[in-house]
Amino acid sequence: MRVGRRLRHLAGPVDTGVRDGLLLRAARNVALVPIAYRLLAVPGAFATFAGSGGAGLAPVAAVAACSVVLNLLGAHWLLRRSAYRDATAALLLGLDVVFTLVANLVIGATVPPESLESAAGVPGKHLLGAVALLTLALGVGFGAALAVLGIPLRAAMSWLSGDGFDLGAGLTEFGTTLGVLLTATAALVLLGLGTRLALAYGIRTGRLAERAVQQRYLHDTALQALEAMALPGDGTDGDAERLRRIARAEAIALRARLESESGGQGGRLAEKLAALAADMARDGLRAQLVAAEPDGETLSEVRQIAVRDAVREALRNTLKHSGADTAIVRVEERDGGIATIIRDHGAGFVPEDRTPGFGIGESIVARLAEVGGTAKVESAPGNGTRVTLWVPR
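Per UniProt numbering: the sequence shown ends with 393, consecutive numbering throughout.
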């Protein structure tokens, strides 16, 4: 019983509070395997029967044709892009089970005893696929029930054919049915375990990525503001005004961040960079914006925010380290994406001498990499710095 509960749990929803998602989509694809098997095995079994020259060719051909049509409809339903509906799935599964039972009984009633063993292979292949489908769709219990039902069903075929109620024939074929049941059960277990391992890995990776985003944000905002506040002043009223200006700017940035995460902020990249240039001007850096961004939506919101934040970090580096009070920010189309170039004529530096960590490494390069973009930093002592950001559309 404990094993049965474990198997039902593996076949159940990933999140009991939400309709099935990841596991359901995977199971729909796995269900194509028994359907594909029947599309190949049923015509093959019919060809074997027809080649034997047995009597009852017409009803066997009709059963084979109906099986192929039913499986084609099932494959079409599984491969469609529309949402999964329980009622439709239950209807198709019920229709498949009913057809499986009726097809076997029809063959038993219309095929003479001497041809029954060969003819029974046609609905028998459909029965094997039905066992696998029920196991994958509803669980091991339903598949096992149909597999056991196959024993008296095969005996009933013999009785209808006029050869008596032969349970031995059903028991003989039960070994094959049991093998299919065990194979489908193993596939279901592997499907559940694999999906949950992938889900756990995705959750862990997402948490690490979110932690990196929060660390970058704290570095680019609160840490920068605290460092600016800690700079020595002259003890005049100007120091108090400077602190108020920094606090006001951080409050504005925090509000913009909250609005952005809640979907309340949109617009074009050029508008975001213009607002950033105005913020930097209050801090003492004049950033000249040259935007050649085409009209219309060219970048997703998440890529626009990544570019804006990377530009902010580059301009802050200019303000803190270059000794320059001006910079040029140019936006242009390049290589199927949008390039943003930040140029200053300050002191410059040797990029290889910079220690890894936040700043260029995390706040610029890693931020762009997360959205599929790139960042290139070119600098030399006395020649200023050029930072080139590129993101795809």
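Just so it is clear, CB atoms sit at the ideal spot from N, CA and C, and this is done for glycine as well.
Remember, predicted model here, so these are calculated numbers, not experimental data.
In terms of Cβ geometry, residue 35 and residue 124 do not form a close pair [threshold 8 Å]. In the three-state reduction of the DSSP assignment, residue 52 falls in the helix class, which pools H, G and I.
In this structure residue 60 is in contact with residue 119, their Cβ atoms being roughly 5 Å apart against a cut-off of 8 Å. Collapsing the DSSP output to three states places residue 283 in coil. Under the 10 Å beta carbon count, residue 322 is surrounded by 16 or more other beta carbons and is classified as buried. Short of 6 Å from the beta carbon of residue 326, and not among the five residues preceding or following it, lie these beta carbons of its own chain, in chain order: 286. Pairing residue 324 with residue 344 gives a Cβ-Cβ distance under 8 Å. Going by DSSP, residue 314 is part of no beta strand (DSSP E) but of the alpha helix (DSSP H) stretching over 301-317.
Here residue 391 carries a strand assignment [DSSP, helix/strand/coil].
For residue 67, the CB contacts under 6 Å within the same chain, skipping 5 residues up- and downstream, are 42, 126 in chain order.
In the displayed model, residue 324 falls within coil according to three-state DSSP, outside both helix and strand. The region 137-144 and the region 195-205 do not touch, with fewer than 3 CB-CB distances between them shorter than 8 Å.
For residue 150, same chain residues with a beta-carbon under 8 Å away, outside a window of 5 residues either side, are 127, 131, 170, 173, 174, 177 in chain order. Secondary structure at residue 339: strand, using DSSP grouped into helix, strand and coil.
Separation of residue 52 and residue 46 (C-alpha to C-alpha, rounded to the nearest whole angstrom) is 10 Å. With a beta-carbon spacing of about 18 Å, residue 148 and residue 103 fall beyond the 8 Å limit used to define contacts. Closest in C-alpha terms to residue 268, from the list 319, 331, 284, comes 331.
Only residues of its own chain outside the window of five on either side were considered, and among them 330 have a CB closer than 6 Å to the CB of residue 290, listed in chain order. The alpha-carbon separation between residue 393 and residue 288 amounts to approximately 24 Å.
Burial check for residue 363: the Cβ neighbour count within 10 Å reaches 16 or more, so the residue is buried. Rounded to the nearest angstrom, the Cβ distance from residue 386 to residue 341 is 7 Å, consistent with a contact under 8 Å. Residue 78 places its beta carbon less than 8 Å from that of residue 32.
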